[in-house]
Amino acid sequence: MGSYRLEVHVSPAGSPYGDGSKDYPTRTLDAALAIVRRLRVRTQPVTVWMHGGDYELEHTLELTAADSGITFAAWPGDTGAAPESVRVTGGETISDWHEDSIDGNPVWVAEVSPSAGRTLYVNGERVPRPRLPHDGYLRVASQKGLDVNADLNSTLFSGASAFTFDASASEYAEELGRIKAWPGMEAVIPHFWIEERLPIKHIDAASGEITSDYQTMLCLKDGDGDAMARFYLDGVAEELGKHEHEWLLDRDGQLATDFHPNGYGRSVVLYAPGADDVINDFTAVIPRVGQLVTITGSAPDAAPASATAPATPATAGPDAIAHDIHFDNVAFAYADWSQAPAARPPFQMREDPVLDPDVLYASDPQAASTVPGCIGLTFAEDCTFTGCSVEHVAGYAIRLDRGVRGTLISGCTMRDLGAGALACGGDPNPRDPGFNTCNEISDCTISDGGKVYPHAVAVLMRHGSHNTVAHNEISRFHSSAIACGWRWDYGENHSTFNRIEGNHIHHLGGPKLDWFGAIYTLGVSPGTVVRNNLIHDVRAAQFGGWGILVDPATSGIEFSGNVIHHVSSECLHIKTGLNNIVTGNLLAHGGTGQMSLAVPEDHTAAVVMHNVIVGDGTPAFAGSPGSASVAGINLLSDANMIWDETDGEHAMIAADGTLAKDADGSEHWTRTADQGEVWAAKGNDVHSVVVDPQVSFNADGSVTLHDESAWKAQGIAPVFSGTQGPRPIDQR
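For the sequence shown, numbering that gives the first Met the number 0 puts the final residue at 731, and the numbers step up evenly by one.
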């Protein structure tokens, strides 16, 4: 008797006439899917065996509920199922180059589709577009209608579709005077906690005005101060050729070159070669597809539900939800759009009522939360991505939109990402079929993100419950590694019972953005745990850069067993919250202290017990002069082990301080008031001890414990086990 499973073989070296058998595979994924849809008997399980090579897409591979039960897998008979050997790509390979020059500077030129994306890759690496200035920033001079002296809270979301700059006062006045608005040119504005990309409609250096059909989300200030925002111009045609390894897509063929003073008259890509480039042995890849794969079901009709029980989506028939679609050991690469997708409200945020739903915004207000994914799922259940990779994409690697449940993303590698690795967020109400739950990303290696949207989060979990983010290694992002929750007040919230554990998070931040934490939480979240994570080397541009940022109204979360060290602000910072548990953590070497609470409230924000807290000239509990003084912090703290590697047994338990700049521009924390007596008078740390925990911090971020005796005497178990990050396959 033959197997009930239908098996179809596909190979880039196959035949367009292939029948899908092992000996006569078809050539494309579209053809393989057509064979499946023709031969399949109802819900018969299917495996599409993908033989080694690149599967080049000219359009998105769209899977629906009718395709439920299909597995796409690397054929193990070819290469042992190495994911890099089976690759789905939206890129167009460019190899037919010829020489030209601009103002005597060499450029290479090749024809390309006018709908190609905004990124060129050479040897698998992103090549920048010409920008002005080449290094550093210009400065916004004014934004019409903005009162720069007004309270920031009243003007923060007063964005602009036009602004002025002073070209004459710039050292780049001559270059600015020659610029015109080429298709694809953008004003890139990093400020506050986001970076905005404003497509330029018109630029006039004489009047110093830039206009756009998009609008910035935030007012054009640099932060909570007097300075206006920094910006630079990206995709400046007039700058092409001045620097090696830069490129430009001339969609209309209008750019004058030395050999073609009237332009090429057709869509071409121009590349400024480096000294090591050889034109006869040179290839580049440019994406031509924005999304590679979508899995899309439809919203079922929700059965009536009580006020306390989720609805049971059953009345729309079995084909409403796409389900059990699997990708195993498949690589995905090269996806981008011809223009950055606009962000449009609602964003499911508190600011939605004041944001115009008809405006095209240059950015999301937070976390690049609506940027599409290279792979997108909607109303899909029990789909998996195991042993896969995603790289060279303009947005998120994978996006779980409304009604996605039971997704498993495991053992994957995701790198060179325009945004983050995973964005998950459905409807806020669990009684709605669009609510997301029971999704997992685990044992993945995630790095080099935020290439287009620096404020993107590596793993973004918005509304949803019972989700798991575990044993991933996350590094080299400009903003948070993991964010969980999407409500900024103490109202009803259903982002509950989520697990964030065993992750290794390191080397985040840099000179672009502020106000972020490696792990970020929001809202009333009973049942959620953040435990056994290793976090180190987190740096903000000016302000922030916390290990864990407990943002407004975070409540009911257990923070336990985490190792957090060497961050630019506090290891754990609470904005506001209620009844959180902070226990069994190692908090060390925070640049401004180890723990803080920004906005004291009448209730207890957290119980802090059995932690090891190590400073280096900074206090265990930190505040700043005024309303944020540590004297007003409403925490319940006791039975901790406290030490300072600078002051030893004279460690500061609680103190206020400020940041000051040294002559070289570096910042350091300076104590303004010792609040130890006030802290003790409130009954805090009565049973805590000041004793050396005998730990050292290694160059790779790991921690070594030299003597457990002090820990045992205080009843604290060592919290670092070396098991953070991806586990061996047999332990997953």
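C-beta atoms are modelled at their ideal positions from N, C-alpha and C, and glycine is treated no differently.
- Per the C-alpha coordinates, the member of E6, D637, I193 and T669 positioned closest to K21 is E6.
- DSSP, reduced to helix, strand and coil, places I324 outside both helices and strands of the structure shown, so it counts as coil.
- Residue ranges of uninterrupted alpha helix (DSSP H) with 4 or more members, entirely inside the segment 81-158 and ordered along the chain, are 151-154.
- Nearest neighbour of G590 by Cα position, chosen from A186, L658 and A298, turns out to be L658.
- For the pair T27 and S10, the Cα-to-Cα distance works out to about 7 Å.
- Taking the C-beta atoms as reference points, H506 is found no nearer than 8 Å to D550.
- The DSSP-derived three-state label of K220 is strand.
- Under a 10 Å Cβ-count criterion, P727 is classified as exposed, with fewer than 16 other Cβ atoms of the shown protein chains found around its own Cβ.
- Relative to G417, the option among S708, R430 and A367 whose CA is nearest is A367.
- By the neighbour-count criterion, in which 16 or more other beta carbons inside 10 Å mark a residue as buried, S474 falls on the buried side.
- Between the alpha carbons of H503 and V523 lies a distance of about 25 Å.
- In this structure E57 is exposed. Its beta-carbon is surrounded by fewer than 16 other beta-carbon atoms within 10 angstroms.
- According to the DSSP assignment, E174 belongs to the alpha helix (DSSP H) that extends over A172 to R177.
- In the displayed model, P11 falls within a strand according to three-state DSSP.
- DSSP places S708 in no beta strand (DSSP E) but in the uninterrupted alpha helix (DSSP H) bounded by S708 to Q713.
- If you check the CB distance, T495 and T520 do not come in under 8 Å.
- Put simply, of A271, M594 and E98 the residue whose alpha carbon is nearest the alpha carbon of N279 is E98.
- Put simply, of A228, A115, A420 and E91 the residue whose alpha carbon is nearest the alpha carbon of A455 is A420.
- For W668, the uninterrupted beta strand (DSSP E) run begins and ends at E666 to D673, by DSSP.
- Ranked by Cα distance from W181, the first of D165, E173 and D233 is D233.
- A direct Cα-to-Cα measurement between V718 and A650 gives close to 22 Å.
- Look at Q593 here: in three-state DSSP terms it is coil, with no helix or strand label.
- Annotation: V392 to T444 spans about 16 Å, alpha carbon to alpha carbon.
- DSSP assignment within the segment 435-510 yields the following whole beta strand (DSSP E) runs of 3 residues or more, N-terminal first: 439-441, 444-446, 458-460, 467-469, 472-474, 481-483, 498-500 and 503-508.
- Here Y263 is not bridged, per DSSP, to any residue.
- Its chain contains P618, A619, F620, I641, G675, W678 and D684 as the residues whose beta carbon lies nearer than 7 Å to that of I652, once the 5 sequence neighbours on both sides are disregarded; these appear in chain order.
- The residues G183, M184, E185, S211, D212, Y213, Q338, A339 and A361, in chain order, have a CB closer than 8 Å to that of P198 in the same chain once the five nearest residues on each side in sequence are set aside.
- Scanning the segment 392-434 from its first residue to its last, the whole beta strand (DSSP E) runs of 3-plus residues come out as 395-399, 407-409, 412-416 and 421-423.
- The C-beta distance from H322 to A379 rounds to 7 Å, short enough to fall under 8 Å.
- Unbroken beta strand (DSSP E) stretches of 3 residues or longer found wholly inside the segment 234-280: 245-249 and 267-271, given in chain order.
- In this model, G264 and H50 are separated by some 40 Å (Cα to Cα).
- Bridge partners of H609 according to DSSP: none are assigned.
- By the beta-carbon neighbour count (other beta carbons within 10 angstroms, threshold 16), A587 is buried.
- Contact annotation, H493 with Q347: C-beta distance approximately 12 Å; criterion of less than 8 Å not satisfied.
- With contacts defined by Cβ atoms closer than 8 Å, I209 and A161 form a contacting pair.
- Closest by C-alpha distance to L634, out of E644, D643, A540 and G622, is G622.
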